[in-house]
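> If you scroll down you'll find the structure; I have some questions about it.
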Amino acid sequence: MLAGRTGTANVVIRGARVLDPGGGVDATLDVRIDNGVIAQLGDNLDTNEHRVIDAAGLTLVPAFIDPHVHLRTPGREDEETIATGTAAAAAGGYCAILAVPNTEPVVDDADVLRGLRARADEEARIPVGFLAALTKGQDGSELTEMGALADAGAAGFTDDGRPVASAGVMRRALQYNAITGRPIAVHCEEASLTRGAHAHAGSVAAELGLGGWPSLGESLMVARDVDLAAETGQHVHLMHLSARESVDHLRRGLAAGVRATAEATPHHLCLTDEAIRTLDPNMKMNPPLRTEDDRTALLDAVRDGSIAAIATDHAPHSPEEKDVPFESAPFGVTGLETAFAALYTYLVEAGVLSLETVLARMSAGPAAIYGLDRPSIAVGAPANLTLIDTAAAWRVKADRFRSRSQNSWLLGKRLHGRVKLTIAAGRVVFEL
Amino acid sequence: MTDLRVVGGDLLPPADERRHLLSVADLTRDDVDRLLATARSFAHSQERDNKKLPTLRGRLILNVFYESSTRTSSSFELAAKRLSADTMTLKAVGSSVDKGESLKDTALTLSAYDPDVIVLRHPEAGAGEFVARLTEANVVNAGDGKHQHPTQALLDLYTMHQAFGRLDGLQVAIVGDVAHSRVARSLVQALRLVGADAILVGPPTLVPAGIAEVSHDIAAIAGADVVYVLRMQRERMLEGANFVPSLREYTARWGVTPGRLRDGQRVMHPGPMNRGVEIDARVADSEAALIVDQVRAGLIVRMAVLYDLLTTGPVAVEATVEVA
Chain A
1 MLAGRTGTAN VVIRGARVLD PGGGVDATLD VRIDNGVIAQ LGDNLDTNEH RVIDAAGLTL
61 VPAFIDPHVH LRTPGREDEE TIATGTAAAA AGGYCAILAV PNTEPVVDDA DVLRGLRARA
121 DEEARIPVGF LAALTKGQDG SELTEMGALA DAGAAGFTDD GRPVASAGVM RRALQYNAIT
181 GRPIAVHCEE ASLTRGAHAH AGSVAAELGL GGWPSLGESL MVARDVDLAA ETGQHVHLMH
241 LSARESVDHL RRGLAAGVRA TAEATPHHLC LTDEAIRTLD PNMKMNPPLR TEDDRTALLD
301 AVRDGSIAAI ATDHAPHSPE EKDVPFESAP FGVTGLETAF AALYTYLVEA GVLSLETVLA
361 RMSAGPAAIY GLDRPSIAVG APANLTLIDT AAAWRVKADR FRSRSQNSWL LGKRLHGRVK
421 LTIAAGRVVF EL
Chain B
1001 MTDLRVVGGD LLPPADERRH LLSVADLTRD DVDRLLATAR SFAHSQERDN KKLPTLRGRL
1061 ILNVFYESST RTSSSFELAA KRLSADTMTL KAVGSSVDKG ESLKDTALTL SAYDPDVIVL
1121 RHPEAGAGEF VARLTEANVV NAGDGKHQHP TQALLDLYTM HQAFGRLDGL QVAIVGDVAH
1181 SRVARSLVQA LRLVGADAIL VGPPTLVPAG IAEVSHDIAA IAGADVVYVL RMQRERMLEG
1241 ANFVPSLREY TARWGVTPGR LRDGQRVMHP GPMNRGVEID ARVADSEAAL IVDQVRAGLI
1301 VRMAVLYDLL TTGPVAVEAT VEVA
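Protein chains in written order, with our numbering: chain A, 1 to 432; chain B, 1001 to 1324.
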């Protein structure tokens, strides 16, 4: 399902705190990788003439998987390419990402998908999966050839960015999708409630005079799609949840045994709509930043696993698009290169989430949702590893990104926790 | 040995000393008191035959208007002229904006003339903040989207103070389309700053919660010292919006008519008025109306704002008047 190269690295990582929450590992160990596969864990391992990486004081964790990335390819290669997006992901500690299909053209045809996968085999720094569109042209009416797309390697289906308005179409898609077994990922937005909206419909937007995007604009669709998942017995994955009411609907579904999964973004977990008071276009996201109460509900759900994945919704925009007044700016921010450090600085160090929880939601969680192998630190597992210096402090600077775009909500911020090395599919893909 | 070289950057004032007026939130109570006092001083200068003061001679004030405006653009232009500044007014129509030039490029182009102040009106919230990041000039927000119109709020405070002799404890009912009104947003903040009370009155679909006390019943204006009437825009009734069913229904329920006012109440309106819609013509032309006073205040308050941005130290307006 993932396109891209695998590697045959021979490396010994010496003396790191090895922390794999999914495998119950937390000890200071050496890790030896032979031909891209973890061969041995232990103390004072022989180097076997491998390259040795001194990792004393660093933390070695299962590499991350981002289930929601806008690679902007094909069509907007000025904003991101497969090469730059995956290089950014590697620098963020990711061993795999999933790209969404709202590109130009839309990935709604098996040939387009095969072409992308072939390009990824050539250019991608780390393995990439591609989600395909649910409806042709993402116009919400005719289903794509989901069978052919699944055969061509679609990781799942979504009309992200242009949510399916018709409950009937969504129901048909779920019913038909039984033949693929891949998740249908939904961007929950009821367009009649979000027309002309620029920010969460709350007191901050009222004060600033910005059109409001109410929580109901999301939660109404979450309720619909959870109920459709229940009725069809199919898997619905709820993308970038932002509102307490949405979490409530998700929990109701989970309690009833519905096959629903969900993700949340670092920005929704770290910020509230207070952040838009500066009218900085890099604080403009869809769904919008909401209130502290919403943020608390998301954090609770991330903590207890109801929201099993943290996704960046990495959305590169060109400077011409974002360097404009708040209201004319498009929605979306980048996130691949800052996700871990933002979560570590604002949530782990603040005692809001444990490091283990963050690691699980950035790796094992998204893997399980999309049926990918869980990155693990165990003998015999392919090397998908990230080496982190939790003590390192660094400042986020626009000219340091590997991404082609700089529209980060963290520009100028000083963060803790830095990725020093990433190994993806047995290949060293990033070293600081 | 101390290095005594002066580098170019040392000669620039520190960035935080540059002051913009983007939002009422930028102002303190002291700022408001000082600005209104300065405006009162300028009011005296405007009673003379020679109304021009030399204060801002040689300064350049650019008025950049991306939206139509009569009152605001003319009063800023005249305010600059009365203070002897050079001034130019650029309207989006007939400029490079017509040719698709971005706000960023327009701002950079105009900044090349080294303006002291850029007065900006723009249909999008955040335009003032955006231009302020691009230019060395002081930026005055003359209205951005539905966000802020701080000089309107200041001239409204000035007008109320002239009429009542105080601001503290004044009760102001703001009636109409609050949701789409930058005037209402700025005024509510300004009233709070000076210890006055606001109540928002209008249709539930046009009066947002979370800004101030709200009533959907026009009878709620009874307790107010000032009834502040907002313009009701026809496009709010268009398909897809449907904030109210019709102008007729709006006028019947929320129009400010003589019968709905009591003696002693004063009526304000930021203009342009729709007579017979949000405000009855008899009210607009009555002794209770302060609408022309607002326009007059607009000139001197904008003079005060420009003066305040471009001069430092205590206000010496009387002395300035003597010089003139």
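For glycine and all other residues, C-beta sits at the position ideal for the given N, C-alpha and C.
For the alpha helix (DSSP H) that Ala1297 of chain B lies in, which residues bound it at each end?
One-based indexing of the second sequence puts residue 1297 of chain B at position 297. Where Ala1297 of chain B is concerned, the enclosing alpha helix (DSSP H) stretches over Ile1291 to Leu1310.
> Using beta-carbon positions only, say whether Ser408 of chain A and Pro319 of chain A come within less than 9 Å of one another.
Taking the first residue of the first sequence as position 1, residue 408 of chain A is located at position 408. Taking the first residue of the first sequence as position 1, residue 319 of chain A is located at position 319. No, these two residues do not count as a Cβ contact at 9 Å.
> Counting contacts by CB-CB distance shorter than 9 Å, is Ile1211 of chain B in contact with chain A?
If you number the second sequence from 1, residue 1211 of chain B lands on position 211. Yes - at least one Cβ of chain A is within 9 Å of the one on Ile1211 of chain B.
> What residues in the region 323-336 of chain A have a beta carbon less than 9 Å from any beta carbon of chain B?
Within the region 323-336 of chain A, the residues whose Cβ lies closer than 9 Å to some Cβ of chain B are Asp323, Val324, Pro325, Phe326, Glu327, Ser328 and Ala329, listed in chain order.
> Taking 9 Å as the cut-off, decide whether the C-beta atoms of Arg402 of chain A and Thr84 of chain A are in contact.
Residue 402 of chain A sits at position 402 when you count from the first residue of the first sequence. Residue 84 of chain A sits at position 84 when you count from the first residue of the first sequence. In contact: Arg402 of chain A and Thr84 of chain A (Cβ atoms closer than 9 Å).
> Where Asp373 of chain A and Pro21 of chain A are concerned, what is the direct C-alpha to C-alpha distance, given to the nearest angstrom?
One-based indexing of the first sequence puts residue 373 of chain A at position 373. One-based indexing of the first sequence puts residue 21 of chain A at position 21. Taking the straight line joining both Cα atoms gives about 15 Å.
> Starting from Cys270 of chain A, trace the alpha helix (DSSP H) both ways and give me its first and last residue.
One-based indexing of the first sequence puts residue 270 of chain A at position 270. Unbroken alpha helix (DSSP H) run through Cys270 of chain A: Pro266 to Cys270.
> So which residues of chain B does Glu189 of chain A contact, with C-beta pairs closer than 8 Å?
Walking along the first sequence from the start, residue 189 of chain A turns up at place 189. Under the 8 Å cutoff, chain B gives no residues; its nearest Cβ is about 17 Å from Glu189 of chain A.
> Kindly confirm or deny that the region 1224-1232 of chain B and the region 1173-1188 of chain B touch, where touching means at least three C-beta pairs closer than 8 Å.
They touch, by the three-pair rule.
> Using the three-state DSSP reduction, which class does Arg427 of chain A fall into: helix, strand or coil?
Indexing the first sequence from 1 puts residue 427 of chain A at position 427. Three-state DSSP puts Arg427 of chain A in a strand.
> Can you confirm whether Pro1123 of chain B, when its beta carbon is compared against all beta carbons of chain A, has any partner nearer than 9 Å?
Start at 1 with the first residue of the second sequence, and residue 1123 of chain B comes out as number 123. It does; some Cβ of chain A falls within 9 Å.
> Counting only beta-carbon separations shorter than 9 Å, does Gly1145 of chain B have a partner in chain A?
To locate residue 1145 of chain B, count along the second sequence from 1; it is residue 145. Cβ-Cβ to chain A under 9 Å: yes for Gly1145 of chain B.
> Would you call the CB atoms of Met239 of chain A and Ala262 of chain A closer than 9 Å?
The residue given as residue 239 of chain A occupies position 239 in the first sequence. The residue given as residue 262 of chain A occupies position 262 in the first sequence. In contact: Met239 of chain A and Ala262 of chain A (Cβ atoms closer than 9 Å).
> Please look up how many angstroms separate the CB atoms of Ala378 of chain A and Gly23 of chain A, rounded, as I've assumed it's under 8 Å.
Counting from one through the first sequence, the residue named residue 378 of chain A turns up at place 378. Counting from one through the first sequence, the residue named residue 23 of chain A turns up at place 23. The pair is a contact, with the Cβ atoms about 5 Å apart (cut-off 8 Å).
> Please classify Val1131 of chain B: does DSSP put it in a helix, a strand, or coil?
Counting from 1 along the second sequence, the entry for residue 1131 of chain B is found at position 131. Reduced to three states, the DSSP call for Val1131 of chain B is helix.
> For chain B, check one thing: does any of its Cβ atoms lie closer than 9 Å to the Cβ of Ala110 of chain A?
Residue mapping note: residue 110 of chain A aligns to position 110 of the first sequence, counting from 1. No, because no Cβ of chain B sits closer than 9 Å to the Cβ of Ala110 of chain A.
> Please list, in chain order, all residues of the same chain as Pro1014 of chain B whose beta carbon is under 8 Å from its beta carbon, the five residues on each side excluded.
If you number the second sequence from 1, residue 1014 of chain B lands on position 14. Because Pro1014 of chain B sits at a pLDDT of 40, beneath the cut-off of 50, its placement in the model cannot be relied upon, and the point is left open.
> Compare the Cα-Cα distances from Thr194 of chain A to each of A:Ala350, A:Gly92, A:Gly217 and A:Leu208 and report the closest residue.
Position 194 of the first sequence, counted from the first residue, corresponds to residue 194 of chain A. Checked all of A:Ala350, A:Gly92, A:Gly217 and A:Leu208; the closest Cα to Thr194 of chain A is A:Gly217.
> Looking only at its chain, what residues have a beta carbon closer than 8 Å to the beta carbon of Leu1206 of chain B, apart from the 5 residues adjacent to it on each side?
For the purposes of this step, residue 1206 of chain B is identified with residue 206 of the second sequence, where counting begins at 1. Only Gly1176, Asp1177, Val1178, Ala1179, His1180, Arg1236, Phe1243 and Val1244 meet the Cβ criterion.
> Please classify Arg125 of chain A: does DSSP put it in a helix, a strand, or coil?
Sequence index remark: in the first sequence, residue 125 of chain A carries index 125 (1-based). Of the three classes helix, strand and coil, the one that applies to Arg125 of chain A here is coil, per DSSP.
> Using the DSSP secondary-structure output, state which residues sit across from Gly1090 of chain B in a beta bridge.
Within the second sequence, numbered from 1, the residue matching residue 1090 of chain B stands at position 90. Residue identity check: residue 1090 of chain B is Leu in the sequence provided, not Gly. Per DSSP, B:Val1064.
> DSSP three-state call for Val1323 of chain B: helix, strand or coil?
Counting from 1 along the second sequence, the entry for residue 1323 of chain B is found at position 323. Low local confidence applies: a pLDDT of 35 at Val1323 of chain B is under 50, so the model's placement there is unreliable, and no value is given.
> I need the boundaries of the alpha helix (DSSP H) containing Pro366 of chain A, first residue and last residue.
Residue 366 of chain A sits at position 366 when you count from the first residue of the first sequence. First-last of the alpha helix (DSSP H) with Pro366 of chain A: Ala364 to Ile369.
> Taking Ala1304 of chain B as the reference, which of B:Tyr1250, B:Ser1023 and B:Asp1033 has the closest Cα?
Reading the second sequence from its first residue, position 304 is the one you call residue 1304 of chain B. For the residues B:Tyr1250, B:Ser1023 and B:Asp1033, the minimum Cα distance to Ala1304 of chain B belongs to B:Asp1033.
> Mind checking who Ala90 of chain A pairs with in its DSSP beta bridge?
Within the first sequence, numbered from 1, the residue matching residue 90 of chain A stands at position 90. For Ala90 of chain A, which the question treats as bridged, DSSP gives no partner whatsoever.
> With a threshold of 16 other CB atoms inside 10 Å of the CB of Lys1146 of chain B, please say whether the residue is buried or exposed.
Start at 1 with the first residue of the second sequence, and residue 1146 of chain B comes out as number 146. With 16 or more other Cβ atoms within 10 Å, it is buried.
> When you compare each of B:Ser1095, B:Glu1101 and B:Gly1128 to Arg1019 of chain B by their alpha carbons, which one comes out closest?
Translated into positions along the second sequence, residue 1019 of chain B becomes position 19. If we check each option's Cα against that of Arg1019 of chain B, B:Gly1128 comes out closest.
> Would the region 156-169 of chain A and the region 114-128 of chain A be scored as touching if the rule is three or more Cβ pairs under 8 Å?
Too few Cβ pairs lie closer than 8 Å, so no.
> Should His1044 of chain B be labelled buried (16 or more other beta-carbon atoms within 10 Å of its own) or exposed?
Position 44 of the second sequence, counting from 1, holds the residue named residue 1044 of chain B. Exposed, since its Cβ has fewer than 16 Cβ neighbours within 10 Å.
> Can you grab the Cα-Cα spacing for the pair Phe1042 of chain B / Ile1300 of chain B, in whole Å?
Looking up residue 1042 of chain B in the second sequence gives position 42. Looking up residue 1300 of chain B in the second sequence gives position 300. When rounded, the distance between both Cα atoms is 6 Å.
> Can you list the residues of chain B that Ala150 of chain A reaches, using a CB-CB cut of under 8 Å?
For the purposes of this step, residue 150 of chain A is identified with residue 150 of the first sequence, where counting begins at 1. The premise fails here: Ala150 of chain A is roughly 38 Å from chain B at the closest Cβ pair, so nothing lies under 8 Å.
> For the region 1103-1136 of chain B, list every residue whose C-beta sits within 7 Å of some C-beta in chain A, in sequence order.
Correct list: Leu1103, Lys1104, His1122, Glu1124, Ala1125, Gly1126, Ala1127, Glu1129 and Phe1130.
> Around the Cβ of Tyr1113 of chain B, are there at least 16 other Cβ atoms within 10 angstroms (buried) or fewer (exposed)?
Reading the second sequence from its first residue, position 113 is the one you call residue 1113 of chain B. Tyr1113 of chain B should be labelled exposed.
> Going along chain A in order, which residues have a C-beta closer than 7 Å to the C-beta of Arg1185 of chain B?
For the purposes of this step, residue 1185 of chain B is taken as residue 185 along the second sequence, with counting starting at 1. In chain order: Glu207 and Gly209.
> Which stretch, first to last residue, makes up the alpha helix (DSSP H) that contains Gln175 of chain A?
Sequence index remark: in the first sequence, residue 175 of chain A carries index 175 (1-based). Where Gln175 of chain A is concerned, the enclosing alpha helix (DSSP H) stretches over Ala167 to Tyr176.
> Measure the alpha-carbon distance for Asp1049 of chain B versus Asp1156 of chain B and round it to whole angstroms.
Along the second sequence, read from residue 1 onward, the residue named residue 1049 of chain B stands at position 49. Along the second sequence, read from residue 1 onward, the residue named residue 1156 of chain B stands at position 156. For Asp1049 of chain B and Asp1156 of chain B, the distance between alpha carbons rounds to 26 Å.
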